[in-house]
Each structure stands twice: as structure tokens, then as C-alpha cells.
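**Q**
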Amino acid sequence: RYAFFPGEPRWPEGHYDLTYAFNPEGDITDEIRGVFSRAFDRWSRVTPLTFELSTSPYLADITIGFFNGDHGDGEPFDGILGTLAHAFSPPSGRFHLDAAESWVVDGDVTMSTSLAAIDLESVAVHEIGHVLGLGHSSVVESIMYPAITSRTRKVELHSDDIMGVQYLY
Ligand code: TQI
Ligand code: ZN
Ligand code: ZN
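Mapped onto our numbering, the consecutive letters of the sequence shown carry residue numbers 15 to 183.
1. For V123 versus V169, is the C-beta distance shorter than 9 Å?
2. Out of M158, G143, G79, A35, which one is the CA nearest neighbour of W25?
3. Please confirm whether I142 has its beta-carbon closer than 9 Å to some beta-carbon of chain B.
4. What whole-angstrom Cβ distance do Y183 and L63 have, given they're in contact under 8 Å?
5. Per the DSSP calculation, I42 is bridged to which residue(s)?
6. Please state if the CB of F102 and the CB of V145 are separated by a distance shorter than 9 Å.
7. What's the call for S104, buried or exposed, on a 16-neighbour Cβ count within 10 Å?
In C-alpha cells form, the structure reads like this:
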């Protein structure tokens, strides 16, 4: 079953039109932009929330960036596998991905040459769940279940994810 962060933090009512931006240090391709756009769409279809791409990471509600190792928030990345990404509970909007992973973008492996490749869209849909206030679910088929397999694509929200996010919004 779905879960929330302690205290059930969420984006406040009246602030449902959220913006997101990519950290300017990254090399964000149109394919990567497409992956995030689709991932946000999956959540906006089942909630009153909307997500619009902004060019300013200073003004955006949600900031997305790829980082290596220690990147200044006390939760360093660890290279290939281990931690892949993390996102903080609302209203932080910080969403970081480990640049050391070989991310699969639209079925193609990019950014490195490891055998253990992780589907970027699957991780994006999961982390956006955290950005919106969802914790981990015990339902194995849900997006918020805390397990992922190399090269596996799991991007469709399960009714458990939808019930969780609709409780918040
Ligand atoms: N990162 C963990 C995660 O996003 C970070 C984390 C651990 C966390 N416990 C948390 C975040 C509690 C919020 C609340 O779950 S990860 C998966 C999954 C990771 C894991 O890199 O291990 C996905 C990133 F679900 F497959 F395990 C993305 Cl999809
Ligand atoms: Zn971080
Ligand atoms: Zn998680």
C-alpha cells in the first residue's frame, strides 16, 4: 500500500501549477527532456497538478540535475548502481540523478558503458512520486515500490500510486 513522508508534506493548495527546470551544468538532450516531460505527464493526468518546463532553475519549483559523487547536499552519489537518484519531500523540489549511471533513454544506453543500465523514465516517474510527497509502497507492481531491475522499464502508474497521489491532491 502507498505511504507518505512523515507529516504528509505536499505542495500547497493554490500552488498546483508547478514549474521544473534542469540544472544548467548538465548536458540535457531533447531525448532527456522528452523523458521527463512524459514522466511528469503521467502524474498530471491523475491529479490537478500541472508541470511546465522553465528555463530558470532559480525560479522553478522543481530542479532536476545529474551529479557525480558529493554534490553538496550531504547525500553523495556512489558511482555505478547503489543509489541511482534521490528526491526530497515537498516543497523542496530537488531531484538529483547519479551521473555515473548508464542511463537508458528511449531504449538506448547513454552516458557510460556499464552493463548495468537503468531506464531513466522509470526512475523519473518514481522520483517525481517522491517530489509530490509519496513514500514507498508495499505493492510490488506500483511505481513507488522500492526495487528496480537493470534495463527494465516500469513507467505506468498503478492504481495504488494513483490512490496515494489522489489522497494528497
Ligand atoms: N534512491 C532511493 C529512492 O528514490 C532514495 C531513497 C531511499 C528514498 N529511501 C527513500 C527516497 C525514502 C525517498 C524516501 O527510493 S535509489 C528506486 C527503486 C532509487 C530506487 O537510487 O535507491 C528507484 C531510485 F524504487 F527502484 F528502488 C529510483 Cl525507481
Ligand atoms: Zn542530491
Ligand atoms: Zn524511492
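Yeah, the Cβ is synthetic: ideal placement off N, Cα and C, and Gly gets one too.
**A** The structure says:
1. The count along the sequence shown starts at 1 and reaches residue 123 at position 109. The count along the sequence shown starts at 1 and reaches residue 169 at position 155. Against a cut-off of 9 Å, the Cβ pair of V169 and V123 comes out as no contact.
2. Within the sequence shown, residue 25 is the residue found at index 11, counting from 1. Among M158, G143, G79, A35, the Cα nearest to that of W25 is on G143.
3. Any reference to chain B falls outside this structure, which holds one protein chain only.
4. Here residue 183 corresponds to residue number 169 of the sequence shown, with the count starting at 1. Here residue 63 corresponds to residue number 49 of the sequence shown, with the count starting at 1. Correct: roughly 6 Å between the Cβ atoms.
5. Translated into positions along the sequence shown, residue 42 becomes position 28. Looking at the DSSP assignment, I42 forms no beta bridge with any residue, so it has no partner.
6. Here residue 145 corresponds to residue number 131 of the sequence shown, with the count starting at 1. Here residue 102 corresponds to residue number 88 of the sequence shown, with the count starting at 1. Yes; because the gap between Cβ atoms is below 9 Å, this pair is in contact.
7. As a working note, residue 104 is residue 90 in the sequence shown. Inspection of the sequence shows that residue 104 is occupied by Pro rather than by Ser. P104 is buried by the Cβ-count criterion.
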